[in-house]
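Protein sequence lines correspond, in order, to chains S and A. Using the numbering used here, read the first sequence as starting at 1 and increasing by one per residue. Using the numbering used here, read the second sequence as starting at 458 and increasing by one per residue. Backbone N, C-alpha and C fix where the C-beta goes; we use that ideal spot for every residue, glycine too. In this text the structure is predicted, and so the values were computed from the model without any measurement. Taking it in order: structure first as structure tokens, then the write-up.
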Amino acid sequence: MGGYARELEAGIERIWDVAQSLGLRPFPTHFEIVPATVMYEIGSYGMPGRFSHWTHGKAYQVQKMMYDYGLSKIYELVINTNPCYAFLLETNTVLQNKLVAAHVLAHSDFFANSAHFGETSRRMVDTVTLNADRIRTYEFEHGADDVEKLLDAVLSIQEHVDPHATPADAHADHRRPATAPERAYDDLWKLSERGNGNEPQPERVNDMRPSRPMRDLLMFIMEHSPRLTDWERDVVAIVRAEMLYFYPQMQTKIINEGWASYWHARIMRELELSEDEYVEFAQLHSSILQPSQRSLNPYHVGFRILEDIERRWNDDGKDGRAKLMEVRETESDVSLIRNYLTEDLVRDMDLFLYQKVGDEVVIVDKSWEDVRQRLVTQLASHGIPVIYAEDGDYEGNRELYLRHSWDGTPLDMNYARKTLEYVNRLWGRRVWLDTRKSDDEPLLISYDEKHGHQIHA
Amino acid sequence: MFTVTLESHDWSLHRKGAIDQARHKRKVKEAIRENLADIVSEQSLITTDGKKIFKVPIRTLDEYRFRFDTSEQKQVGQGDGKSQVGDVLERGGQQGGPGKGQGAGDQPGVDYYEAELTMDELAGMIFEDLSLPNLEEKRMQELESPAVRFTDIRKSGPFSNLDKRRTIRENIKRNALQGDPHFGSLTNDDLRFKTWEQDIQRESNAVVIAMMDVSGSMGTFEKYVSRAFYFWMVHFLRTKYDNVEIVFVAHHTEAKEVTEEEFFTRGESGGTKASSAYQLALSLLEERYQPDRWNIYPFHFSDGDNWPSDNELCLQLTSELVERCNQFGYGEIRQGRYSYQSTLMHTFERITNPKFVSVTIADKADVYPALRNFFGTEVGARG
């Protein structure tokens with residue numbers, strides 16, 4: 001181990017102790033120094049060992065190009081596992097990597113203590129490696145082209161999963177009574193009527209029609225697709241399981257990055273930095289927290305909100321740090337914004353709503369409640385439209401009926417049509433999409449190979 | 458107790474990212490192949506000197522998914538502390554469009570991907586299976602296509618051509634002379650290299666007579682299409698054959714032989730007598746390119762708007778040309794202007810010789826199929 005590594009290792013041990021003394025409880029954390037190419041590779045796959053697909057290669061190429069041209073650089077990469085894995089860039093200075101280590105320990109603490117990560121697998125690196133092996137076997141058995149085409153289709157709807165969905169939800173509920181009981185204990189009285197032979201027969205239910213519309217399209221397709229074979233269903237299951245693992249990270253981007261930024265700043269101030277080191281730290285810190293005009297920088301927004309919470313609680317004579325610990329255990333991005341983005345913060349951060357007006361992009365609204373509401377709406381769906389599977393036997397023809405849950409924002413119809421082709425690849429029969437062009441213009445489209453794209457309403 | 462560790466492994470054999478990057482590149486190439494018809498008629502390609510690297514817009518590498526069209530929607534942004542309602546962030550769609558800046562994965566981005574290609578790579582894909590049809594052996598052989606054959610062994614040469622077998626044998630032989638036959642302690646004396654000879658295979662002579670209508674009735678589109686076709690044809694002939702002669706003929710009511718540069722840049726006006734070009738072509742055959750020594754390929758592009766009384770003469774001259782050449786190609790450009798056939802095309806329909814090949818181009822994207830029609834391998838047989 002060279003001088004660089006020795007110095008960094010000593011630094012990280014010190015950072016660990018400081019983090020512990022300040023109240024962080026991260027998973028044991030394993031740091032590894034890697035070259036840039038490995039950093040980009042892991043970054044573009046989401047974690048080491050994941051299955052091969054050209055989209056990962058595309059992400060890798062983009063990241064590598066950005067790095068080669070000096071446009072951007074990944075500083076931190078941390079995997080939610082126990083023990084936690086973190087990767088440091090070998091070309092960073094010792095001080096840069098110390099800051100990254102402090103930042104990463106706070107992420108590790110967040111993974112370990114946030115309720116939203118409670119159900120994620122902490123052995124996911126093993127799982128994705130096994131998944132990649134299985135997919136490689138399928139490539140061997142069925143041809144890389146077939147597997148790639150299938151993955152293209154599955155990945156197009158990979159975000160449409162629901163952590164709480166179960167296979168039973170995809171089916172009609174046979175047990176649920178068709179009508180709700182009139183009074184609370186009505187069903188008790190019925191017990192004595194049992195067996196007199198006069199009770200109405202349960203209505204015949206169509207099993208392809210879930211009792212409640214289902215948001216987890218992958219689950220619905222796995223359960224009901226008339227076309228997919230066993231190994232194809234397995235590929236759908238793999239993509240779904242991996243997506244569910246990444247899902248909480250999408251829900252907690254702002255709070256998690258805010259948390260890590262808040263703590264790297266606190267921890268670095270506890271270290272005995274020389275003046276030069278302090279300047280270097282301050283530069284890096286401010287470049288991470290640099291606000292951006294057209295899309296919010298999650299590091300910046302999260303950091304400002306958390307700092308504000310601590311200050312307000314301290315000002316009220318309460319324990320601000322304890323309040324922060326509670327926030328990190330319970331809040332997601334949506335609830336953080338809804339509960340803690342105040343009028344003062346919106347003003348101080350200078351948040352606004354902008355919109356395209358004619359040829360120009362113009363600031364149209366600065367009312368803090370409007371800003372907060374719009375942000376909550378955006379975050380609630382992570383920018384992904386909510387689509388429900390309503391019927392797997394539409395018109396009695398085993399066609400798939402999807403409904404876009406309308407929230408005022410139209411779909412990109414060009415993309416929607418292409419995605420329907422992919423869904424059709426998975427379903428094998430005609431696929432419908434019920435959406436809207438605007439609040440009062442409904443739109444129903446469908447696709448199958450025989451009829452092509454059709455517009456129905 | 459284990460809480461925090463730092464390690465550094467050897468990752469040099471780790472190439473998964475690179476392998477999937479290659480998969481992606483392969484898909485880009487496929488996408489280019491699927492879009493060749495559009496790419497071939499791309500204005501920016503045809504107006505260059507052929508040495509540049511192009512950015513070819515590819516539409517098929519999008520990762521389609523359900524996403525919002527937020528172009529008309531309100532978005533949250535952040536100012537520097539002095540922002541006011543009514544401030545303009547961007548005018549006329551210029552500065553930093555979607556896709557730039559951080560996050561913002563929910564905005565419709567620019568929906569094409571730009572692949573970089575050199576002219577040679579692109580030409581390679583376009584010309585992959587094209588060739589001069591009906592090529593015959595002629596008396597004087599001049600058309601050269603160079604080939605390399607490894608024929609000799611020498612003691613010096615580039616290391617990429619090292620003949621390992623012979624080198625090892627020489628080494629063992631030398632050691633054996635000193636009483637210890639083994640492989641080791643190589644010296645420069647042991648090295649043996651393969652060397653090659655340029656082997657020139659002579660093919661038959663070929664000449665292409667490129668005739669183009671430059672009369673007043675040829676609008677911007679017609680000129681553009683015929684130039685696009687000839688641009689790729691010239692490029693194709695120069696890529697595939699070392700020694701094809703190309704004669705450029707421009708005509709309106711009169712025809713004259715012009716330089717390549719004039720052919721591609723000059724516009725004329727006036728009426729149209731296609732017969733003038735055919736006449737000139739026939740006299741070229743008399744003077745310079747005798748059919749018993751040359752493979753001859755006349756091509757003619759026109760809007761078909763010929764002087765009506767000239768058509769019979771055209772038919773007669775064309776029939777004569779077709780008899781004496783390997784293939785006669787006639788391309789007519791009719792951008793939706795004519796719902797009916799031109800009188801010239803109608804006249805040409807009477808030619809039954811399968812060496813006469815005609816195409817109609819109604820759209821820029823038809824240039825590539827026209828190339829394939831004329832230079833596809835089985836053209837002559839199909840007629």
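Presumed contact (8 Å Cβ cut-off) between residue i and residue j, rounded CB distance
i, j, result
"A:R649", "A:E627", "6 Å"
"A:Q792", "A:A819", "6 Å"
"A:Y825", "A:A494", "4 Å"
"S:P410", "S:R436", "7 Å"
"A:H757", "A:T729", "Incorrect: roughly 12 Å between the Cβ atoms, too far for contact."
"S:V346", "A:L546", "The pair is not a contact, with the Cβ atoms about 18 Å apart (cut-off 8 Å)."
"S:G11", "S:V94", "7 Å"
"A:T696", "A:F584", "6 Å"
"A:N752", "A:N662", "6 Å"
"S:Y354", "A:G534", "5 Å"
"S:A241", "S:P210", "The pair is not a contact, with the Cβ atoms about 21 Å apart (cut-off 8 Å)."
Selected residue, minimal CA-CA separation from residue i, among the options
i, options, result
"S:D17", "S:Y185, S:E159, S:E390, S:I267", "S:I267"
"S:L217", "S:A153, S:Y299, S:H56", "S:A153"
"S:L228", "S:T91, S:G3, S:W427, S:E449", "S:W427"
"S:D365", "A:I489, A:R524, A:G543", "A:G543"
"A:N830", "A:H466, A:V533, A:L589", "A:L589"
"S:D96", "S:R240, S:A168, S:S286", "Before going on, a small fix: residue 96 of chain S reads as Gln here, not Asp. The candidate whose alpha carbon is nearest that of S:Q96 is S:S286."
"S:G392", "S:N424, S:T252, S:W368, S:P385", "S:N424"
"S:I528", "S:D440, S:R429, S:D434, S:H451", "Outside the displayed span of chain S (1 to 457) sits residue 528 of chain S, for which this structure offers no information."
"A:D760", "A:S776, A:D586, A:S815", "A:S815"
"S:L77", "S:E360, S:L151, S:H160, S:E41", "S:E41"
Local conformation of residue i per DSSP, three classes
i, result
"A:N752", "strand"
"S:E119", "coil"
"S:P83", "coil"
"A:I629", "helix"
"S:L443", "strand"
"A:W653", "strand"
"S:S381", "coil"
"S:G392", "strand"
"A:W764", "coil"
"S:H56", "helix"
"S:K437", "strand"
"S:M325", "helix"
"A:F525", "strand"
"A:Q747", "coil"
"A:M668", "strand"
Exposed unless 16 or more other CB atoms sit within 10 angstroms - verdict on residue i
i, result
"A:V567", "Residue placement at A:V567 is flagged as unreliable, the pLDDT there being 38, under the threshold of 50; a coordinate-derived value is accordingly withheld."
"A:K439", "Nothing about residue 439 of chain A can be read from this structure; chain A reaches only from 458 to 840."
"A:T608", "exposed"
"S:D219", "Here the sequence assigns Met to residue 219 of chain S, which means Asp is not the residue at that position. With 16 or more Cβ atoms within 10 Å of its Cβ, S:M219 is classed as buried."
"A:T677", "exposed"
"A:Q552", "Legend: pLDDT at A:Q552 = 41, less than 50; position of this residue unreliable, value from coordinates given subsequently. Result: exposed."
"A:G556", "Legend: pLDDT at A:G556 = 33, less than 50; position of this residue unreliable, value from coordinates given subsequently. Per the 10 Å Cβ criterion, exposed."
"S:V128", "buried"
"S:I455", "exposed"
"A:Q564", "Model confidence at A:Q564 stands at a pLDDT of 37, short of 50, so the residue's coordinates are unreliable; what they give is reported in the following sentence. Classification for A:Q564: buried."
"A:V605", "exposed"
"A:G550", "Residue placement at A:G550 is flagged as unreliable, the pLDDT there being 49, under the threshold of 50; the coordinate-derived value follows with that caveat. Classification of A:G550: exposed, given that the 10 Å Cβ count is below 16."
"A:G851", "Look at the range of chain A in this structure, 458 to 840, and you will see that residue 851 of chain A is not part of it."
"S:K58", "buried"
"S:E449", "exposed"
"S:S261", "buried"
"A:D647", "buried"
Of the residues that make up the stretch 261–282 of chain S, which ones have a beta carbon closer than 7 Å to any beta carbon in chain A? none
Residues of the stretch 27–56 of chain S whose Cβ lies closer than 8 Å to any Cβ of chain A, in chain order: P28, T29, H30, F31, E32, I33, V34, P35, T37, V38, Y40, E41, S44, Y45, S52, H53, W54, T55, H56
Looking at chain A, which residues of the stretch 283–294 of chain S have a Cβ within less than 8 Å of any of its Cβ atoms? P291, S292, Q293, R294
Determine which residues of the stretch 788–820 of chain A have a Cβ less than 9 Å from any Cβ of chain S, and write them out in chain order. none
Compile a chain-ordered list of the residues in the stretch 4–16 of chain S whose CB is closer than 9 Å to at least one CB of chain A. A5, L8, E9, I12, E13, I15, W16
Please name the residues in the stretch 522–535 of chain A whose beta-carbon is closer than 9 Å to at least one beta-carbon of chain S, in chain order. R522, F523, R524, F525, D526, T527, S528, E529, Q530, K531, Q532, V533, G534, Q535
Closer than 9 Å, Cβ to Cβ, to anything on chain A: give me those residues from the stretch 145–164 of chain S, in chain order. E148, D152, L155, S156, I157, Q158, E159, H160
Under 9 Å, CB to CB, which of the residues in the stretch 465–480 of chain A have a partner in chain S? S465, H466, W468, S469, H471, R472, K473, G474, A475, I476, D477, Q478, A479, R480
To be precise: take each residue of the stretch 317–347 of chain S, compare its Cβ to all Cβ atoms of chain A, and keep it if any distance is under 7 Å. Which residues remain? none
Note down, in chain order, all residues in the stretch 70–88 of chain S with a beta-carbon under 7 Å from any beta-carbon belonging to chain A. none
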